[in-house]
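Read through the structure below, which is laid out as structure tokens, and then see the notes.
Written as structure tokens, this is what we have:
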């Protein structure tokens, strides 16, 4: 395993303009203005935070996992990663990271993908994409399922081997670790704090995360 | 292939674009005519296009970051869209995505239609949008695409590197539709292709009638996850012979 480079932030939570604790299984959809910084804190460790970003003025211009990894020539997200849109714009930049590696290949869990991955009778269990669906229903403004695209999994570790195998490795995060994203344009951010109980992406123990915004 | 009925065949030049509503249990063969082609592809349930290719779901269900025979391309609603029933290459790229007009311009310069007619420089993003628009789909319907015939190697630190010479003249892949599938594809170069010249390569597209996958079908049985995805898909077609 390569060594992770960790970057701490100088931002003081006392000066945040927004401070909210998001429970596991809950969703969050919120505007983040250009120049503002969003911090996501993995309060208890090994949580997965499924996250999407949109250009607030044109939701069809949105986070693209493939454009992001291609732009940096590497699969894993950390400090310095520019989060690219489907139309080639820079949505945001990761400016601090005390975890060191985040995934954008694994997507979000869903009722239907849980059926495929685990068992046909798992459909009823709560999932990230059900959280996304409820959040966009409440948000309104014409957002629909087609806007739910391939997301970032903050704090999740999904290594690809040289043979092209995809593995779901033990988390590299721990309680109190955080990642910070600076908005490079006005954004809408959509988060599902992952409720998955069928695999170790969050150590079978979904836990809360803290969301802070600085101006 | 000889005993099966070829429904039609078309050739597509490099930089070209194409879409088709593949009927259930027909198979699309894509043949690399000159070697070194790249085929960017997206897929949708033709009967309900909100049900669409989801590469993260496809890859994590099959624990793979490359695609080859046995793999099933899955939708975000757990359905099997296309099965890879034959593959002479062995590695197809699900990671690299596709290029936009700005990328083509920065890598290859400009060649307008006015000046070059149909030898102008095209880009995958615009080609996807043109074909998607024919079905009422647009920017919001773009999904992560596969790059057939191309390969990216990934090292332990996650660095991606284009693997040259992955596909040779005559190499092919077979994609069997497990439902009615809208396929949207183009033959623009892979966005990480280091070739400094605009040199997209042609393919042949062959659509043929194929038997439904039986109980012992290779793709169905490739993994337990694939079996469950087939079951969910067959529930969409009650009474049909599987």
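Chains as they are written, first to last, in this note's numbering: chain X, 5 to 219; chain Z, 33 to 274. Think of the CB as a built atom: it goes at the ideal place given N, C-alpha and C, for glycine as much as any other residue.
Classify residue i as buried or exposed, calling it buried when 16 or more other Cβ atoms lie within 10 Å of its own Cβ.
| i | result |
| --- | --- |
| residue 177 of chain Z | buried |
| residue 243 of chain Z | exposed |
| residue 199 of chain Z | buried |
| residue 35 of chain X | exposed |
| residue 180 of chain X | exposed |
| residue 146 of chain Z | exposed |
| residue 46 of chain Z | buried |
| residue 51 of chain Z | buried |
| residue 200 of chain X | buried |
| residue 5 of chain X | Low local confidence applies: a pLDDT of 47 at residue 5 of chain X is under 50, so the model's placement there is unreliable, with the coordinate-based value given in what follows. Residue 5 of chain X comes out exposed. |
| residue 94 of chain X | exposed |
| residue 184 of chain Z | buried |
| residue 241 of chain Z | exposed |
| residue 104 of chain Z | buried |
| residue 195 of chain Z | exposed |
| residue 37 of chain Z | exposed |
| residue 19 of chain X | exposed |
| residue 202 of chain Z | exposed |
| residue 24 of chain X | exposed |
| residue 228 of chain Z | exposed |
| residue 138 of chain Z | exposed |
| residue 248 of chain Z | exposed |
Is there at least one Cβ from chain Z nearer than 8 Å to residue i's Cβ?
| i | result |
| --- | --- |
| residue 131 of chain X | no |
| residue 51 of chain X | no |
| residue 78 of chain X | yes |
| residue 120 of chain X | yes |
| residue 150 of chain X | yes |
| residue 73 of chain X | yes |
| residue 199 of chain X | no |
| residue 154 of chain X | yes |
| residue 69 of chain X | yes |
| residue 87 of chain X | no |
| residue 188 of chain X | no |
| residue 90 of chain X | yes |
| residue 164 of chain X | yes |
| residue 175 of chain X | no |
| residue 5 of chain X | Here residue 5 of chain X scores only 47 on pLDDT, less than 50, and its place in the model should not be relied on; the value that follows carries that caveat. Yes, its Cβ sits closer than 8 Å to a Cβ of chain Z. |
| residue 180 of chain X | no |
Is DSSP giving residue i helix, strand or coil here?
| i | result |
| --- | --- |
| residue 107 of chain X | strand |
| residue 158 of chain Z | helix |
| residue 241 of chain Z | strand |
| residue 193 of chain X | strand |
| residue 156 of chain X | strand |
| residue 216 of chain Z | strand |
| residue 220 of chain X | Coverage of chain X is limited to positions 5 through 219, which leaves residue 220 of chain X absent and any answer about it impossible. |
| residue 258 of chain Z | helix |
| residue 80 of chain X | coil |
| residue 13 of chain X | coil |
| residue 145 of chain Z | helix |
| residue 77 of chain Z | strand |
| residue 36 of chain X | strand |
| residue 136 of chain Z | helix |
| residue 172 of chain Z | helix |
| residue 265 of chain Z | helix |
| residue 21 of chain X | coil |
| residue 211 of chain Z | coil |
| residue 165 of chain Z | helix |
Could you tell me whether any Cβ in chain X is nearer than 8 Å to the Cβ of residue i?
| i | result |
| --- | --- |
| residue 244 of chain Z | no |
| residue 95 of chain Z | yes |
| residue 261 of chain Z | yes |
| residue 98 of chain Z | yes |
| residue 191 of chain Z | yes |
| residue 186 of chain Z | yes |
| residue 172 of chain Z | yes |
| residue 86 of chain Z | yes |
| residue 168 of chain Z | no |
| residue 139 of chain Z | no |
| residue 214 of chain Z | no |
| residue 249 of chain Z | no |
With a cut-off of 8 Å on the beta carbons, I'd call residue i and residue j a contact; round off their distance for me.
| i | j | result |
| --- | --- | --- |
| residue 156 of chain Z | residue 253 of chain Z | The Cβ separation is near 34 Å, so there is no contact. |
| residue 52 of chain X | residue 150 of chain X | At roughly 23 Å, the Cβ-Cβ gap does not stay under 8 Å, so residue 52 of chain X and residue 150 of chain X are not in contact. |
| residue 175 of chain Z | residue 74 of chain Z | 5 Å |
| residue 223 of chain Z | residue 82 of chain Z | Not confirmed; about 27 Å, so no contact. |
Validate contact between the region 38 to 47 of chain Z and the region 199 to 207 of chain X using beta carbons, cut 8 Å, 3 pairs: No: the two stretches stay apart, fewer than three of their Cβ pairs being nearer than 8 Å.
Decide if the region 57 to 66 of chain Z is in contact with the region 226 to 244 of chain Z; the criterion is three or more beta carbon pairs, one per stretch, under 8 Å apart. Because the criterion of three Cβ pairs below 8 Å is met, the region 57 to 66 of chain Z and the region 226 to 244 of chain Z touch.
Segment contact flag, the region 111 to 120 of chain X with the region 81 to 93 of chain Z, C-beta cutoff 8 Å, min 3 pairs: Between the region 111 to 120 of chain X and the region 81 to 93 of chain Z, the count of Cβ pairs shorter than 8 Å is three or higher; the stretches touch.
I'd like to know if the region 63 to 71 of chain X and the region 35 to 50 of chain X are in contact, where contact means that at least 3 CB-CB pairs between them fall below 8 Å. Judged by Cβ distances under 8 Å, the region 63 to 71 of chain X makes no contact with the region 35 to 50 of chain X, as fewer than three pairs qualify.
So, does the region 97 to 110 of chain Z touch the region 258 to 265 of chain Z, judging by three or more C-beta pairs under 8 Å? At 8 Å Cβ cutoff, the stretches touch.
Tell me whether the region 157 to 177 of chain X and the region 94 to 106 of chain Z touch, counting them as touching only if at least three CB pairs, one residue from each stretch, are closer than 8 Å. The count of Cβ pairs closer than 8 Å, one atom from the region 157 to 177 of chain X and one from the region 94 to 106 of chain Z, reaches three, so the stretches are in contact.
Is the number of C-beta pairs between the region 209 to 216 of chain Z and the region 74 to 84 of chain Z that are closer than 8 Å three or more? Yes: the two stretches touch, three or more of their Cβ pairs being nearer than 8 Å.
Is it a yes or a no for the region 156 to 169 of chain Z touching the region 132 to 142 of chain X, going by three-plus beta-carbon pairs under 8 Å? A contact between stretches requires three or more CB pairs, one per stretch, nearer than 8 Å, and the region 156 to 169 of chain Z fails this requirement with the region 132 to 142 of chain X.
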